[in-house]
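>
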Amino acid sequence: MMSVMWLTVLVIAVVLAVLLYKYIFGNAGSDPFALDTRQPPKPLVTINAERNKVLKQGFTTNKVPEHLDAIVIGSGIGGLGVASILAKTGKRVLVLEQHDQAGGCCHTFTKKGFEFDVGIHYIGELQEYKPFRHLVDQITDGQLQWASLDNPYDMVVLGSPENRREYPIYSGRKRFTEELKKHFPEEKEAIDKFVALVKKVAKGVSFVAVLKMIPMPLAKFLICSGLLRLFSPFYKMASRSLTDVVSELTSNKELQAVFSYIFRTYGVIPKDASFSLHSLLVSHYLEGAWYPKGGASEIAYHIIPTIEKAGGAVLVRAPVQSILVNEAKEAYGVTVRKGQEEVHIHAPIVISDAGLFNTYESLLPKEMQSLPAIQSQLSMVKHGEAGFSVFIGLNGTKEELGLTATNYWIYPENNLDELVENYLNSSKEDAVKLAPVVYIASPSAKDPTCEERNPGKSTLSLITFTRYEWFEDWKDERVSNRGEEYKNLKESFVKNLVDAAIEIFPRIKGKIELVEAGTPVTNQYYIAASRGEIYGCDHNRSRFNPETSAAIRSQTPVKNLFLTGQDVFLCGFAGALAGALTCGSAVLGRNLHLDLLRLKIRLKTTNSKKNS
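Residue 792 is where the sequence shown ends in my numbering, and the numbering goes up by one at each step.
1) For A263, which of helix, strand or coil comes out of DSSP?
2) One question on the structure: do F685 and L457 come within less than 8 Å of each other, judged by their Cβ atoms?
3) Any idea which residues DSSP pairs R658 with across the strands?
4) Any idea what DSSP makes of L276, helix, strand or coil?
5) Out of L248, Q735, A730 and A370, which one is the CA nearest neighbour of I525?
6) Let's test the definition: count the other Cβ atoms within 10 Å of the Cβ of C404 and tell me whether it reaches 16, buried, or not, exposed.
7) Hey, would you say A681 sits closer than 8 Å to I257, going by beta carbons?
8) List, from N- to C-terminal side, the alpha helix (DSSP H) runs of 4 residues or more that fit wholly inside the stretch 302-336.
9) Which runs of the beta strand (DSSP E) spanning at least 3 residues fall entirely within the stretch 655-710, listed in chain order?
10) Between the Cα of R647 and the Cα atoms of G712, K373 and E671, which residue gives the shortest distance?
11) Taking the alpha carbon of I318 as the point to measure from, which residue in A708, Q219, Q281 and T644 has its own alpha carbon closest?
12) Taking the C-alpha atoms as reference points, what is the distance between L260 and E367?
13) Keeping to the same chain, check which residues put their C-beta closer than 6 Å to that of D775; ignore five residues upstream and five downstream.
14) What is the DSSP secondary structure of L743, reduced to helix, strand or coil?
15) Hey, E467 and G384: beta-carbon distance below 8 Å or not?
16) Would you kindly report the start and end of the unbroken alpha helix (DSSP H) that includes G759?
17) Between A511 and L460, which are expected to be in contact by the criterion C-beta below 8 Å, what is the C-beta distance as a whole number of angstroms?
18) Can you tell me which of the three DSSP states G258 falls into?
19) Compare the C-alpha of L777 against each of L761, L768 and K789 and name the closest.
20) Go ahead and label G564 buried or exposed: buried means 16 or more other beta carbons lie within 10 angstroms of its beta carbon, across all protein chains shown.
21) Quick one: grab the DSSP three-state call for T786.
22) Is A498 helix, strand or coil when you go by DSSP?
23) Using 8 Å for Cβ pairs, my map puts V570 next to V678. What's the rounded Cβ distance?
24) Check each candidate in S710, Y666 and F387 and name the one with the smallest Cα separation from A697.
25) Going along the chain, which residues of its own chain have a beta-carbon closer than 8 Å to the beta-carbon of K739, five neighbours each way excluded?
26) Any idea which residues DSSP pairs F645 with across the strands?
27) Leaving out the 5 sequence neighbours to the left and right, which residues in its chain are closer than 7 Å to L551 when beta-carbon positions are compared?
28) Using 8 Å as the threshold, is the C-beta distance between Y471 and A267 below it?
29) With C-beta atoms as the reference, is Y350 less than 8 Å away from P365?
30) Rounding to the nearest angstrom, what Cα-Cα distance links P485 and V494 in this structure?
31) Can you list, in chain order, the residues of its chain whose CB lies under 7 Å from that of A144, leaving out five sequence neighbours each side?
32) Measuring alpha carbon to alpha carbon, tell me which residue in V701, E359, D610 and F568 is nearest T644.
33) Using only CA atoms, which one of T320, F651, E683 and A566 lies nearest to I620?
34) Report the three-state DSSP secondary structure of Y201 (helix, strand or coil).
35) Considering Cα atoms alone, identify which of G209, I251, T269 and F239 is closest to L215.
36) As an exercise, report each continuous beta strand (DSSP E) stretch of at least 3 residues that is fully enclosed by the stretch 525-586, in chain order.
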C-alpha cells in the first residue's frame with residue numbers, strides 16, 4: 181500500500197516538474213532581448229516642438245498603421261513597455277492614449293516655465309547589473325539616463341513641528357542598518373532581523389510571475405498542495421500584516437513607524453498591508469534611488485521611437501470607447517471617439533493598460549462584463565485610495581531655497597495605522613483641519629539638467645491620500661470650472677499641505693510663484709483613474725492571496741484580450757513594467773523574465789572579456 185502511495189507521489193512530482201519546465205523554460209515566440217540594442221546616449225532634446233513630435237502625435241485615421249499586430253489601450257509604462265517589447269520582435273503595435281500627451285503617470289506638464297512630473301518620484305534597482313536596468317535600457321535603446329538621489333534618499337519625519345524627530349534612510353545594505361542603529365542603539369537585533377527578513381521575502385517575488393504564467397490547473401495544484409508556500413517566502417508571508425510583523429520584532433513604536441514609513445508608496449496602511457509587498461519596496465531601494473535625467477517625460481520620449489521602428493505608432497487624443505468582441509467571444513479591435521464619430525480599428529491582439537476596473541466595467545461589451553470569470557476577478561479586488569497632489573513653482577535655485585534630492589515623509593505621530601485611519605474616516609470638513617500626512621520632494625533638485633533647462637526655477641511636489649467621496653460630487657463638472665465650493669475645498673487642502681512644506685523648507689516662504697493642485701477627480705480626468713486612485717487596484721493583503729495572484733493575469737476570459745501594467749503585477753514604475761514583461765510573455769508565448777536573465781548573463785560575459 182505504501183509503495184503504491186509513494187509511486188503516485190513520484191508520478192505527480194515528475195508530471196509537475198515536466199509541466200513547470202515547459203511553462204517556465206519552454207519558449208515559442210521570438211526573444212525580444214536576443215540583441216543588445218543599446219546605443220550611446222544622444223544629447224538631451226530640450227526644444228518643445230521637437231519633443232512634441234514624439235509625445236503629442238494627435239490621432240487621425242491616416243496615422244493608423246496598416247496590418248497591425250496589436251493595439252494597446254493606454255500609454256502608461258505598462259502600455260508603452262509591452263508595446264516596445266513586442267516591437268522588438270517585429271510586431272507592429274498601435275498605442276492609443278486618451279490624454280493630449282503620451283506617458284500616463286510618466287508624463288510632465290509645464291506652467292509659467294515650471295515643469296512638474298505627475299507620477300515618477302524615485303526608482304530603485306537601477307544598478308547596471310540588475311535585470312530591471314537591462315529591461316529599461318532595452319526598451320529605450322539605452323537612451324534614458326539616470327541621476328542618483330542624495331544619500332539619505334528618504335527622511336522620515338515623526339511628530340509635530342514642536343517635537344519633530346528626523347530619521348534619515350540611507351542606501352547601501354550595510355549603511356542602511358548602521359544608520360538606523362545610531363538612532364536606535366537598543367534595537368540592533370530588531371533592525372538586523374527586519375533587514376534579513378525583508379531580503380529573504382523579497383527574493384521570492386519570482387513566484388508571482390510563475391503563478392501568472394503557468395496554466396491555472398497547475399497554479400491551483402501548487403497552491404492547494406502547500407508547495408507554493410513551502411518554496412516561496414513571498415507567499416509564506418503574504419498574509420501577514422506589516423503591523424503584526426514589525427510588532428513582533430520590536431515594541432518600540434518609533435522604530436515600528438520607521439520600519440513602516442514607506443507604506444504610502446503602495447497606498448495601504450500597515451495593518452492592512454502585506455509584509456511581502458512591503459519587503460519588495462524596502463528591498464527595491466536598499467542599494468539606492470534614481471530619477472530620470474531630463475525629467476519623467478524622458479521615459480516615454482525614448483520608448484516611443486522603439487515602437488515606431490517596427491512600423492507602430494503612439495497616438496494621443498484617442499479615447500478608446502469600447503473593445504470590439506465578435507460572436508466567438510474574441511477581441512478583434514477597438515472603437516475610438518473622434519469628434520462625434522466612432523472609428524473602428526482592428527487587430528488580432530488587444531492589450532489594455534487602462535486598469536482592470538476600466539477594462540472590465542467600461543470597455544467590454546455588457547454581455548462580456550457579466551461573464552462569471554470576469555465577475556470573479558472583480559470580486560477579488562477593490563479600488564485603491566485616491567490621491568491628492570500639489571505642485572509648487574518656486575523662484576530660486578535649489579541652493580538658494582535649501583532644496584535637496586531627498587524625499588520627506590511627514591507623519592504627525594508614530595501610530596501610523598491610527599493616524600491615517602482617523603484622517604480617512606473623517607468628514608472632508610474635518611480632514612482639512614488635521615495635521616497632514618504628506619510626501620514632499622523636489623523634482624528639480626533631483627534632476628541635474630533642471631537648472632540648465634529652467635534657470636532660476638525650482639519645484640516641489642506634495643502628495644497625500646484623500647477619499648474619492650470627498651470630491652465625487654464634482655466628477656461630471658468641467659475640469660476648469662467646478663464651482664466655488666469645489667475650489668474652496670481644494671484650497672483648504674492645499675493650504676494645509678503648503679504650510680507643511682514651509683515647515684520643512686522654510687526658505688521657500690515668499691518664493692512661491694505658482695501652486696497647482698490635482699484632486700481625485702483631476703486624476704479621473706487626466707489619467708483615467710476610475711476613482712482617482714494612484715496605484716490601481718488596492719494593494720491590501722487579499723490581493724496577495726495566491727489565488728488572487730494566479731487568477732488576475734495577463735490573459736483574460738476574453739480570447740485575444742490581455743492586461744498589462746500595475747494591476748497585473750504590482751504598483752509603481754517597476755511593478756507596472758513587470759506587468760508589461762508578464763503580458764509580453766503571454767502574447768509571445770515565451771518566458772521573457774527568463775530571457776531577461778539570459779541577456780544579463782550575456783552582457784556580464786561580454787564585459788568580463790572586455791576587462792580581461
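For glycine and all other residues, C-beta sits at the position ideal for the given N, C-alpha and C.
Remember, it's a predicted structure, so these values are computed and weren't measured experimentally.
According to the data block:
1) helix
2) Taking 8 Å as the Cβ cut-off, F685 and L457 do not qualify as a contacting pair.
3) N661.
4) strand
5) Considering only alpha carbons, the answer is L248.
6) C404 is exposed by the Cβ-count criterion.
7) no
8) 311-319
9) 692-698
10) Out of G712, K373 and E671, G712 has the C-alpha closest to the C-alpha of R647.
11) In the sequence as presented, Ile is not what sits at residue 318; that position holds Gln. That would be Q219, whose Cα lies nearest to the Cα of Q318.
12) The straight-line gap from Cα to Cα measures roughly 45 Å.
13) Exclusion of the five residues before and after D775 leaves D211 and F213 as the residues of its chain whose Cβ lies within less than 6 Å of its Cβ.
14) strand
15) no
16) G752 to L768
17) Not confirmed; about 32 Å, so no contact.
18) helix
19) L761
20) buried
21) Of the three classes helix, strand and coil, the one that applies to T786 here is helix, per DSSP.
22) coil
23) 7 Å
24) Y666
25) A508, K509, E510 and A511
26) G567
27) Cβ neighbours of L551 beyond the five flanking positions: P737.
28) no
29) no
30) 9 Å
31) Missing from the structure shown is residue 144; the chain here goes from 181 to 792 and no further.
32) Measuring C-alpha to C-alpha distances from T644 to each of V701, E359, D610 and F568 identifies F568 as the nearest.
33) E683
34) Bear in mind that the predicted position of Y201 carries a pLDDT of just 48, short of 50, making it unreliable; the figure below should be weighed with that in mind. Note: Y201 maps to helix in three-state DSSP.
35) Closest by alpha carbon: T269.
36) 530-532 and 566-575
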